[in-house]
Amino acid sequence: MKNNKTLQFVLVGLALIVLPIVLQGFGNAWVRIADMALLYILLALGLNIVVGYAGLLDLGYVAFFAVGAYMYGLLSSPHLTNTFEWIAAVFPAGMHMPIWLIVPVGAALAGIFGMLLGAPTLKLRGDYLAIVTLGFGEIIRVFMNNLDHPVNITNGPKGLDQIDSISIFGLNLGKKLMIGDFEIASVSLYYYLFLSLVLVAILISHRLEFSRIGRAWMAIREDEIAAKAMGLNTRNLKLLAFGMGATFGGVSGAMFAGFQGFISPESFSLMESVMIVAMVVLGGLGHLPGVILGAVLLSALPEVLRYVAGPLQAMTDGRLDASILRQLLVALAMIVIMLMRPRGLWPSPEHGKALQSK
């Protein structure tokens, strides 16, 4: 039995390694879809800590994604040196900070913002918590959109461009890699970086789930009053959940900025937060395989449906916009799935008060 499980892991690992090389044959656009799916998996794993483990409904999670992205954008683009003379004097060659500095700083800053969000919401639950976190996410987006005067920090709605691509050990992931006559595209190099980060995030989430902290979070999720009566410090545990989940969002945001080379407030709208929550709920709250499945489906499905929306638009003589039709098809798929599988596509085994009496 153990040998079969090991063989399965080896086969899945080989498939993940070969996947971008195979997709390259169909065009780099397919590899790019896989890259974005991995970033959304990272985001969903972070939100799963807050929503799935601790049971705290967070509708402003995209704010931490934005914090990480703007941190990378500001430290790896010419914007600050062009705007502030004293920064240009300190960094005459430009602020091209290494990835080893930017990612920890982005994760730490997002974690701090997560705890700042958690602090005033400690006594809120359910709908009230969702409304406050939703407002926090919108506040961050509005700030990013308006911090271009009187001092231009974020460049407002125009966004930040000319962001450095990610470099690791002297290898620039923004350029293709030639091994003899074999070419590995830039998007494939990013795929392997994002895959390694996702694997680390899965390991951390798995260890957290079965740790004392993870069990404490689940106790709060099931019954906060009973957890407090048993001596758990629910205040600190909630803050820790918000902070830990936010760090995943910060790292994902930094990777997104380096991958895109351009960021603007439009990339961090409320719909992004809703989609990330939907990934966690659709896959299965608190269950890592389910969360990953939900993230892959909801991030890749709209792109795949481009090939369905086009013919349907042609059938209606162009009366339906392809992008709106694509959203409609995704929404219908989600409704059908949630009606058929209300606990998610791959739910965790029932436990606690969710246990069905037989």
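Going letter by letter, the sequence shown gives residues 1 to 358 in full-length UniProt numbering.
Glycine included, C-beta positions come from ideal geometry on N, C-alpha and C.
What you are looking at is a predicted structure, and each value in this text was computed from that prediction instead of being measured.
From what residue to what residue does the alpha helix (DSSP H) around residue i run?
i      : result
Ile87  : 85-90
Thr133 : 126-146
Lys228 : 224-229
Pro150 : Element bounds for Pro150: n/a, residue is neither H nor E.
Tyr190 : 186-209
Thr275 : For the record, residue 275 in the displayed sequence is Met; it is not Thr. Run containing Met275: 270-283, per the alpha helix (DSSP H) assignment.
Ser348 : Where Ser348 is concerned, there is no enclosing alpha helix (DSSP H), given that its DSSP letter is neither H nor E.
Met36  : 28-47
Val304 : 288-304
Pro104 : 99-118
Val50  : Where Val50 is concerned, there is no enclosing alpha helix (DSSP H), given that its DSSP letter is neither H nor E.
Ala66  : 62-75
Quick one: grab the DSSP three-state call for residue i.
i           : result
Phe262      : coil
Trp178      : Looking at the sequence shown, residue 178 is not Trp but Met. It is a strand residue.
Ser167      : strand
Leu329      : helix
Leu56       : coil
Leu160      : strand
residue 364 : Outside the shown range of the chain, which is 1 to 358, sits residue 364, and nothing can be said about it.
Asn236      : helix
Express the C-alpha separation of residue j and residue i in angstroms, rounding to a whole number.
i      : j      : result
Pro289 : Leu134 : 27 Å
Gly156 : Gly294 : 33 Å
Ile220 : Ile49  : 12 Å
Tyr191 : Met71  : 22 Å
Val123 : Gly253 : Here the sequence assigns Lys to residue 123, which means Val is not the residue at that position. The alpha-carbon atoms of Lys123 and Gly253 are separated by roughly 29 Å.
Gly46  : Glu138 : 19 Å
Asp58  : Leu129 : 7 Å
Thr81  : Ser188 : 31 Å
Asn236 : Gly170 : 41 Å
Ile168 : Gly73  : 17 Å
Can you tell me whether residue i is buried or exposed? The criterion is at least 16 other CB atoms within 10 Å of its CB, across all chains shown.
i      : result
Ser196 : exposed
His206 : exposed
His287 : buried
Pro311 : exposed
Leu7   : exposed
Hey, would you say the C-beta of residue i is under 8 Å away from at least one heavy atom of the ligand MN?
i     : result
Ala15 : By its list of ligands, the structure shown contains no ligand whatsoever, and the ligand MN lies outside what it can speak to.
Inset, instruction - Take every Cβ of the stretch 30-46, pair it with every Cβ of the stretch 224-233, and state whether three or more of those distances are shorter than 8 Å. - result: no
Inset, instruction - Please determine if the stretch 243-263 and the stretch 12-24 are in contact, where contact requires at least 3 C-beta pairs separated by less than 8 Å. - result: no
Inset, instruction - Examine the Cβ distances between the stretch 64-82 and the stretch 142-162 and report whether three or more of them are shorter than 8 Å. - result: yes
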